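Engineer: Before anything else, here's the structure in question.
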C-alpha cells in the first residue's frame with residue numbers, strides 16, 4: 001500500500017505545480033496548416049474573369065497565349081504560380097491552362113505543388129502530375145504520382161495521405177488509388193497500406209477514412225489490455241454509417257483466457273423514436289474460475305433503450321437490460337450496467353398527456369445480482385392516472401391520483417396480488433411577501449386482492465384487504481433577508497421551514513407475505529434514506545404498500561450567502577430534525593423508537609472560484625452516535641484540471657437498524673482521491689485511489705496517462721479493482737478479491753479532435769468521478 005499512496009501523492013503534487021501549460025493544442029496544430037488569404041468568394045468561380053500577370057507573353061489572339069517568367073493566374077478563389085503557362089481557348093465556353101515546370105496552386109480547399117499540370121478554367125477541374133497537396137484550414141496532406149481534381153472529387157494514383165503536420169511522419173496511408181469525396185468528407189483507397197514511422201504494419205484491399213467531421217464507415221482504432229483474471233484482451237471495433245439517422249458499431253473482442261466476444265450496437269433516430277439496441281455475446285466462457293450451474297457457459301447481455309413521442313400527446317419509454325448470469329457485470333466491463341448497481345432494470349411506460357391530466361400504463365421487473373432467497377416483485381401491468389384542477393374549491397389546488405397494479409414473484413412462497421389505489425389531495429396555499437403556508441388534506445384508499453403462494457410452505461394470507469388512511473399536513477416556509485451583512489461583500493438569507501404531518505395508525509402486516517412481517521415491506525415499498533431534504537417528504541417508504549402512521553413535527557432551515565458582485569450563491573448550510581409526538585409504525589413489530597430522528601446537516605461552500613467543499617452529517621439521537629457522514633473537497637481551476645478528495649461513513653448500527661437485522665458487522669469508512677490534470681497541451685493524466693479504513697484494505701486504484709499530438713494520441717493505464725469472489729473461495733466482508741489490469745489504446749486523429757482526454761479518463765472506474773453540485 002505504501003507504493004500506491006506514493007504514486008497518488010506524486011500525481012497530486014505534480015498536478016498542483018503544473019499550472020502553466022503551453023498554447024492550446026488545437027491552436028498549435030492549425031498554425032501548421034495553410035489558411036486561405038483574403039475574402040472567400042461565393043458562387044460559380046468559372047463565371048469570373050481570369051487575371052494573368054507574367055514577365056513576358058506571346059499572344060495568338062483569340063486561340064492561345066503563352067506566358068513565361070513568374071506567371072500568376074487568379075480566378076475567384078483560385079490562384080496559380082508557375083514558370084510557364086500556355087492558355088488555350090476554344091470559344092467563350094472552354095479555356096484550358098497547361099503548366100510546364102514547377103507550379104503552385106491554391107484555392108479555398110486545397111494547396112498543391114509539383115511539376116506539369118493541365119487545368120480547365122471553365123469547369124474547375126485539373127490534372128496534376130507529381131504533386132504534393134495540403135488541405136486548407138484543416139489537417140490533411142499527401143502526395144500523388146498523378147491526380148484528377150474536380151470541384152467535388154479528387155482521384156489520385158499511387159497516393160499517400162496523413163493528417164500529421166509537415167515534417168511529422170508518425171503515420172500515413174498509402175494506396176494504388178485514392179478517391180477523396182470533398183462534400184461527403186471521406187476518402188476511399190484501394191490496396192491500402194497503413195504505415196507507422198514509415199514501416200508498413202497493416203494492409204487492406206479497400207479502406208475508407210474521414211477527411212472531415214462527418215461520420216464514415218470503417219475500422220476504428222483497436223484497444224489492447226491485460227488483466228490478471230482475463231489474460232490478454234484485444235478489441236477491434238468496426239463502425240458502419242448506415243444512414244444519416246442510424247449507425248452501428250460491431251466490436252469483436254478476444255480474451256486469451258475466456259475466448260471470443262462479439263458486441264454489436266445499433267443507434268437510430270426515426271419517426272418511431274430514438275434509441276439504442278445493443279448486445280454482448282460469448283459462446284463459451286473458458287475461464288476455469290467461472291463455473292455456472294450445469295454446462296451452459298454462454299455469457300450474454302441484451303439492452304434496448306427507446307424514447308418516442310407520437311400523435312402529439314403520446315410518449316413511450318423503454319429501458320430493458322438482461323444478462324445471462326449474476327456475475328456478468330463483475331466479469332465484463334460494459335457501458336450498459338455495473339456490478340455496483342446490484343440489479344438490471346427491465347421496464348416500459350406508455351403515457352398520454354394533457355394539461356390537466358395524464359394516463360399511463362407501465363411494467364417493471366428487476367434482475368438482481370445478489371444471492372437472495374426471495375427476489376423483488378415484478379409489476380405488470382401498472383396503470384396510473386393523474387388529474388389536476390385549480391380552484392375546484394375556491395383558493396385550492398386539487399390533485400387526484402389513481403393506480404391499478406399487478407404484483408407477481410418468482411418464488412412459490414410469495415403471494416401475488418392486485419392492488420387498487422386512489423389518492424385525492426386538496427391543498428390550500430397562502431402566500432405573501434413574508435412567506436407561504438400550505439394546508440393539505442389527503443386520503444390514501446387502497447384495496448388488495450391477494451393470492452397465496454403456490455408452495456405448501458407458503459404462509460397464509462388474507463384474500464381481501466382494504467386500507468383507508470387520511471392525512472393532514474401543514475407546511476410553513478419563509479425567506480428572510482438579513483438587514484446587516486455578517487460578512488462584508490455577502491448578503492445573507494434565512495429560510496426556516498416547519499412542517500406537521502398527521503396520519504392515524506393502520507396495521508399493514510396483512511399486506512404481502514406473512515412469513516417475516518418484521519422485514520416485509522410489501523410488494524413494492526422500500527425504506528427511504530433520510531437526509532435534510534427527505535425529512536419534508538410525506539412518507540418514509542417508497543411505494544404504496546407501507547404507509548406508516550405519523551404524528552410528527554419537522555423543523556429545519558437553510559441559510560445562504562450570496563456575493564454582492566456576482567449574485568452567485570457562495571455558501572449554504574441546512575439543518576433539520578423530525579420530532580415524533582407519537583411513534584410511527586406500520587405494524588406492532590415495526591415502529592420507530594425515541595422521540596426524535598437523527599439530526600441532518602448539509603452544507604456547500606464555494607470559497608473560491610476554483611475551490612468547492614461539500615459535506616453532509618447525520619447524528620442519530622437514538623443510537624447516540626454518528627450514523628452517516630460524507631464530505632468532499634474539490635479544486636478545479638479549469639475543465640481539464642481537478643483534484644477531488646472524498647470521505648464517507650456509515651455506522652453498522654444504522655445499517656442494521658434499516659435492514660432490521662444484525663447482518664452487517666462493520667462500519668463503512670472509505671476515503672478516496674481522484675486527480676485529473678492536463679499537465680501540458682500534450683500530456684494529461686488521471687489517478688484515483690479509494691481505501692476502506694475500517695477493513696484496512698484498498699477498494700480501487702488506477703492510473704491513466706494520455707499523450708496527445710495533432711494526428712494521434714495514446715493512452716496507457718494500470719488499475720487494481722475489486723472483482724467477484726472466485727467460486728469456492730471464502731466470501732465474508734473481510735475477504736476481498738482484486739483484478740489487476742494494464743491497457744494501451746491508440747487513436748488516430750484526422751484534425752477533428754484535440755481533447756486532452758481528462759474527462760474521458762475520469763469516467764472510467766468502479767467509482768467514477770462525478771461533478772459535485774453543478775459547480776463549474
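Numbering (full-length UniProt numbering), first residue to last: 1 to 776. Even for Gly, the Cβ is constructed at its ideal location relative to N, Cα and C. These numbers were taken from a predicted model, which means no experiment stands behind them.
Short of 6 Å in beta carbon distance, which residues of its chain neighbour residue 71, apart from the five on each side in sequence? Order them along the chain.
Structural biologist: Here residue 71 refers to the residue found at position 71 when the chain shown is read from its first residue. Hits under 6 Å: 54, 82 and 85.
Engineer: From residue 376 to residue 525, what distance separates their C-alpha atoms?
Structural biologist: By 1-based counting over the chain shown, the position of residue 376 is 376. By 1-based counting over the chain shown, the position of residue 525 is 525. Taking the straight line joining both Cα atoms gives about 10 Å.
Engineer: By DSSP's criteria, residue 303 is part of a beta bridge. Which residues make up the other side?
Structural biologist: Reading the chain shown from its first residue, position 303 is the one you call residue 303. Residue 303 pairs with 278 and 321.
Engineer: Please state the DSSP three-state secondary structure of residue 760.
Structural biologist: The residue labelled residue 760 in the question sits at position 760 within the chain shown. It is helical.
Engineer: Are the CB atoms of residue 129 and residue 112 within a distance shorter than 8 Å?
Structural biologist: Here residue 112 corresponds to residue number 112 of the chain shown, with the count starting at 1. Here residue 129 corresponds to residue number 129 of the chain shown, with the count starting at 1. Not closer than 8 Å, so no.
Engineer: Along the chain, where does the beta strand (DSSP E) that runs through residue 146 open and close?
Structural biologist: On the chain shown, position 146 is the one that residue 146 refers to. From DSSP, the beta strand (DSSP E) with residue 146 extends over 141-149.
Engineer: Considering only residues of the region 540-566, which uninterrupted beta strand (DSSP E) runs meet the minimum length of 3 residues and lie entirely inside it, listed in chain order?
Structural biologist: 550-563
Engineer: Where residue 491 and residue 556 are concerned, what is the direct C-alpha to C-alpha distance, given to the nearest angstrom?
Structural biologist: Residue mapping note: residue 491 aligns to position 491 of the chain shown, counting from 1. Residue mapping note: residue 556 aligns to position 556 of the chain shown, counting from 1. Distance between the alpha carbons of residue 491 and residue 556 is about 21 Å.
Engineer: Taking the alpha carbon of residue 225 as the reference point, which residue from 283, 300 and 741 has its own alpha carbon closest?
Structural biologist: On the chain shown, position 225 is the one that residue 225 refers to. Of 283, 300 and 741, the residue nearest in Cα terms is 741.
Engineer: When every heavy atom of the ligand NAP is checked, does at least one fall within less than 7 Å of the C-beta of residue 319?
Structural biologist: No copy of the ligand NAP appears in this structure; indeed no ligand is present at all.
Engineer: Report the three-state DSSP secondary structure of residue 625 (helix, strand or coil).
Structural biologist: Residue 625 sits at position 625 when you count from the first residue of the chain shown. It is a strand residue.
Engineer: Using alpha carbons as the reference points, say which of 204, 43, 351 and 408 lies closest to residue 383.
Structural biologist: In the chain shown, counting from the first residue as 1, residue 383 sits at position 383. Ranking 204, 43, 351 and 408 by Cα distance to residue 383 puts 351 first.
Engineer: For residue 361 and residue 699, what's the separation of their Cα atoms in angstroms?
Structural biologist: Along the chain shown, read from residue 1 onward, the residue named residue 361 stands at position 361. Along the chain shown, read from residue 1 onward, the residue named residue 699 stands at position 699. Straight-line Cα distance between these residues: approximately 42 Å.
Engineer: Please identify the residue among 667, 703, 681 and 652 whose C-alpha is closest to the C-alpha of residue 675.
Structural biologist: Position 675 of the chain shown, counting from 1, holds the residue named residue 675. Nearest option by C-alpha distance: 703.
Engineer: If I measure Cβ to Cβ from residue 494 and keep anything under 6 Å in the same chain, skipping five residues before and after, which residues do I get?
Structural biologist: Mapped onto the chain shown, residue 494 falls at position 494. Only 480 and 559 meet the Cβ criterion.
Engineer: Quick check on residue 609: does DSSP put it in helix, strand or coil?
Structural biologist: Position 609 of the chain shown, counting from 1, holds the residue named residue 609. Of the three classes helix, strand and coil, the one that applies to residue 609 here is coil, per DSSP.
Engineer: Nearest to residue 188 by CA position, among 200, 170, 198 and 156, is which residue?
Structural biologist: Counting from 1 along the chain shown, the entry for residue 188 is found at position 188. Distance from the Cα of residue 188 is smallest, within the candidate group 200, 170, 198 and 156, for 156.
Engineer: When you compare the region 305-323 with the region 339-349, are there three or more beta-carbon pairs, one atom per stretch, that lie closer than 8 Å?
Structural biologist: yes
Engineer: Give the range of the beta strand (DSSP E) segment to which residue 444 is assigned.
Structural biologist: In the chain shown, residue 444 corresponds to position 444, counting from 1. Here the beta strand (DSSP E) through residue 444 covers 435-451.
Engineer: Taking residue 160 and residue 172 to be in contact with their CB atoms under 8 Å, please state how far apart those CB atoms are, rounded to whole angstroms.
Structural biologist: Within the chain shown, the letter at position 160 stands for residue 160. Within the chain shown, the letter at position 172 stands for residue 172. Residue 160 to residue 172, Cβ: 5 Å. Contact.
Engineer: Is it right to say residue 107 is buried, meaning 16 or more other beta carbons lie within 10 angstroms of its own, or is it exposed?
Structural biologist: In the chain shown, counting from the first residue as 1, residue 107 sits at position 107. Burial call: buried.
Engineer: Sorted by chain position, which residues of the same chain lie with C-beta nearer than 6 Å to residue 105's C-beta, five sequence neighbours on each side aside?
Structural biologist: By 1-based counting over the chain shown, the position of residue 105 is 105. Cβ within range, chain order: 80 and 112.
Engineer: How many Å lie between residue 450 and residue 408 at the Cα?
Structural biologist: Within the chain shown, residue 450 is the residue found at index 450, counting from 1. Within the chain shown, residue 408 is the residue found at index 408, counting from 1. Cα-Cα distance, rounded: 10 Å.
Engineer: To the nearest angstrom, how far is the alpha carbon of residue 462 from that of residue 567?
Structural biologist: Numbered from 1 along the chain shown, position 462 holds the residue referred to as residue 462. Numbered from 1 along the chain shown, position 567 holds the residue referred to as residue 567. Going from the Cα of residue 462 to the Cα of residue 567 covers about 60 Å.
Engineer: Secondary structure at residue 133, three-state DSSP: helix, strand or coil?
Structural biologist: In the chain shown, the residue the question calls residue 133 occupies position 133. Residue 133: strand per DSSP, three-state reduction.
Engineer: Bridge partners for residue 99 per DSSP, in chain order?
Structural biologist: Counting from 1 along the chain shown, the entry for residue 99 is found at position 99. Partner(s): 85 and 117.
Engineer: Quick check on this structure: which residue in 76, 63, 164 and 135 has the alpha carbon closest to the alpha carbon of residue 35?
Structural biologist: Working through the chain shown from its first residue, we reach residue 35 at position 35. It is 135 whose Cα lies nearest to the Cα of residue 35.
Engineer: Roughly how many whole angstroms lie between the Cα atoms of residue 154 and residue 119?
Structural biologist: In the chain shown, the residue the question calls residue 154 occupies position 154. In the chain shown, the residue the question calls residue 119 occupies position 119. The straight-line gap from Cα to Cα measures roughly 13 Å.
Engineer: Provide the residue span of the beta strand (DSSP E) that contains residue 523, from first to last.
Structural biologist: Here residue 523 corresponds to residue number 523 of the chain shown, with the count starting at 1. First-last for residue 523: undefined, no H or E at that position.
Engineer: I need the straight-line Cα distance from residue 290 to residue 368, nearest angstrom please.
Structural biologist: Counting from one through the chain shown, the residue named residue 290 turns up at place 290. Counting from one through the chain shown, the residue named residue 368 turns up at place 368. If you draw a straight line from the Cα of residue 290 to the Cα of residue 368, it is about 19 Å long.
Engineer: Using a Cβ-Cβ distance under 8 Å, would residue 203 count as near chain B?
Structural biologist: Considering every chain present, this structure includes no chain B. It has just one protein chain.
Engineer: How big is the Cα-Cα spacing for residue 547 and residue 251?
Structural biologist: Sequence index remark: in the chain shown, residue 547 carries index 547 (1-based). Sequence index remark: in the chain shown, residue 251 carries index 251 (1-based). Using only the alpha carbons, I get a separation of about 49 Å.
Engineer: Apart from the five residues just before and just after residue 584, which ones in its own chain have a Cβ nearer than 6 Å to its Cβ?
Structural biologist: Translated into the one-based positions of the chain shown, residue 584 becomes position 584. Excluding residues within five positions, the ones whose Cβ falls inside 6 Å are 548, 549, 550 and 592.
Engineer: Quick check on the burial criterion: 16 or more other C-beta atoms within 10 angstroms. Buried or exposed for residue 579?
Structural biologist: Looking up residue 579 in the chain shown gives position 579. Within a 10 Å sphere around the beta-carbon of residue 579 sit fewer than 16 other beta-carbons, which makes this residue exposed.
Engineer: Consult DSSP for residue 297 and reduce its assignment to one of helix, strand or coil.
Structural biologist: Against the chain shown, residue 297 aligns to sequence position 297. Of the three classes helix, strand and coil, the one that applies to residue 297 here is coil, per DSSP.
Engineer: Give me, in chain order, the residues of the same chain whose beta-carbon lies closer than 7 Å to that of residue 358; leave out the 5 immediate sequence neighbours on both sides.
Structural biologist: Here the question's residue 358 lines up with position 358 in the chain shown. Excluding sequence neighbours, residue 358 sits near 351, 352 and 386.
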